[in-house]
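Inspection log for the structure reproduced underneath, given as structure tokens.
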Amino acid sequence: MLFLVFFCGLFSQISCLGEIIYALNAGGDSFTDINGIRYRRDYLTDGVASDYGRSLDIKRVSGQDKILYQTERYSSETFSYSISIPSTDAEYVLWLKFSEVWFNAPNLKVFDVALNDAIVVKDLDIFANVGRGVAHDEIIPFQVRKNKLIVEGKSYPFTGEIKVEFIKGDLDNPKVNAIIVMKGTPDQVPKLPPYEPEQQEEDDDELESELDESFDNEEESEQINARRQMRQVQEEQETIKKPSKKKVYEFDEEVEDPYAKDESSYLIPILVTLGAFIPILFCLCKLK
Numbered sequence: 001m002l003f004l005v006f007f008c009g010l011f012s013q014i015s016c017l018g019e020i021i022y023a024l025n026a027g028g029d030s031f032t033d034i035n036g037i038r039y040r041r042d043y044l045t046d047g048v049a050s051d052y053g054r055s056l057d058i059k060r061v062s063g064q065d066k067i068l069y070q071t072e073r074y075s076s077e078t079f080s081y082s083i084s085i086p087s088t089d090a091e092y093v094l095w096l097k098f099s100e101v102w103f104n105a106p107n108l109k110v111f112d113v114a115l116n117d118a119i120v121v122k123d124l125d126i127f128a129n130v131g132r133g134v135a136h137d138e139i140i141p142f143q144v145r146k147n148k149l150i151v152e153g154k155s156y157p158f159t160g161e162i163k164v165e166f167i168k169g170d171l172d173n174p175k176v177n178a179i180i181v182m183k184g185t186p187d188q189v190p191k192l193p194p195y196e197p198e199q200q201e202e203d204d205d206e207l208e209s210e211l212d213e214s215f216d217n218e219e220e221s222e223q224i225n226a227r228r229q230m231r232q233v234q235e236e237q238e239t240i241k242k243p244s245k246k247k248v249y250e251f252d253e254e255v256e257d258p259y260a261k262d263e264s265s266y267l268i269p270i271l272v273t274l275g276a277f278i279p280i281l282f283c284l285c286k287l288k
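Okay, so the sequence shown: first residue is 1 according to the UniProt record's numbering, each after it adds one.
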């Protein structure tokens, strides 16, 4: 018994998978995944079958099974799938696969999922849970007991068929990527690896950068031109504020008047002449 528990724990994705009653690749063709589950082609005509998700590298899932999260069916109105299951008393799991491949923000695509009129997933916002281009599963256990469908402790009429309904709300279209009905319990469902939001944020930033590349280039060009204009204005202001480089001479001492010096030079010959003339005049007066 202990060996069986260990074996199932080690190889739970293969050996302990419950009995698959129904599997559908919504919006896509037939497919077999790594667990050996065979998905049938989507037959529904309501809504739109889309493979837009092929443009994305879906995270949290192996390369082979990415297709299950890349194809989808969505509708602008409520749509549903009717699925026949055995009427024998048993435990079941409704296993739904989703991925957001269009929106880059939360609160844009929000919808409910119902099982035979019982709301089993309320206000599902895929992006808010995991982001864009990331696998997300919803696991809903239910039981069949004495011709009654039991979901979350409540009983509903059962006639050998369940209806899985994707209900349109006030926001964008409801959708689904794959549907599985398994006889068994939630612990028998292979789980997706842990979600790493930091890595997803980097991927979202890179994707947004690629989508807005043309706008980014235009904004970058405008910013460069604005910086150039600002630099020119600053250079002009600095030029105005700079002092003149011409040499300025400052005179601390009083400068002599050259004309005043010239007047004294004119008086010297006159005085010399007068000095010589006076003795001559004195001699002449004595001779008389």
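We put the CB at the ideal spot given by N, CA and C, even for glycine.
Quantities reported herein were computed from a predicted structural model and do not represent experimental measurements.
Extent of the continuous alpha helix (DSSP H) run through residue i
{"i": "I126", "result": "I126 to V130"}
DSSP bridge partner residues for residue i (one or two, in chain order)
{"i": "R40", "result": "L24"}
{"i": "E19", "result": "K183"}
Exposure label - residue i; buried when at least 16 CB within 10 Å
{"i": "Y81", "result": "buried"}
{"i": "D65", "result": "buried"}
{"i": "V248", "result": "Caution applies to V248, whose pLDDT of 43 falls short of 50 and renders its modelled position unreliable; the model cannot decide the point."}
{"i": "T159", "result": "exposed"}
{"i": "P193", "result": "exposed"}
{"i": "P258", "result": "For P258, the predicted structure reports a pLDDT of 48, less than 50, and the residue's modelled location is therefore unreliable. The matter cannot be settled from this model."}
{"i": "D252", "result": "Because D252 carries a pLDDT of 47, less than 50, the predicted location of this residue cannot be relied on, and the following value inherits that uncertainty. So D252 counts as exposed."}
{"i": "V151", "result": "buried"}
{"i": "D123", "result": "exposed"}
{"i": "K148", "result": "exposed"}
{"i": "N173", "result": "buried"}
{"i": "S50", "result": "buried"}
{"i": "E165", "result": "buried"}
{"i": "D137", "result": "buried"}
{"i": "residue 290", "result": "An answer regarding residue 290 cannot be provided, because it is not within the stretch 1 to 288 covered by the chain."}
{"i": "D42", "result": "buried"}
{"i": "G133", "result": "buried"}
{"i": "G153", "result": "exposed"}
{"i": "G18", "result": "buried"}
{"i": "E222", "result": "exposed"}
{"i": "R38", "result": "exposed"}
{"i": "A135", "result": "buried"}
{"i": "S15", "result": "Unreliable positioning characterises S15 in this predicted model, as indicated by a pLDDT of 48, which lies under 50. A coordinate reading is not provided."}
{"i": "S62", "result": "exposed"}
{"i": "residue 294", "result": "This structure leaves residue 294 out entirely; the chain is present only between 1 and 288."}
{"i": "G131", "result": "buried"}
{"i": "E77", "result": "exposed"}
{"i": "K109", "result": "buried"}
{"i": "E161", "result": "exposed"}
{"i": "L97", "result": "With the sequence shown as reference, residue 97 is identified as Lys, and Leu is not the correct amino acid for it. So K97 ends up on the buried side."}
Please list the segments of the beta strand (DSSP E) lying wholly inside the UniProt domain "Malectin" (21-179), counting only runs of 3 or more residues, in order along the chain. 38-41, 48-50, 72-74, 79-84, 90-98, 111-115, 118-124, 136-145, 148-151, 154-157 and 161-167
So, do the region 68-87 and the region 13-29 have three or more beta carbon pairs nearer to each other than 8 Å? yes
Sufficient close CB pairs (3 or more, under 8 Å) joining the region 53-60 to the region 111-120: no
If you pair each beta-carbon of the region 168-176 with each one of the region 141-150, do three or more pairs fall below 8 Å? no
Counting pairs of Cβ atoms below 8 Å between the region 177-193 and the region 24-33, do you hit three or more? yes
Three or more beta-carbon pairs under 8 Å between the region 66-74 and the region 114-132, yes or no? no
Measuring CB atoms only, is the region 38-48 touching the region 88-101, in the sense that at least three cross pairs come out at less than 8 Å? no
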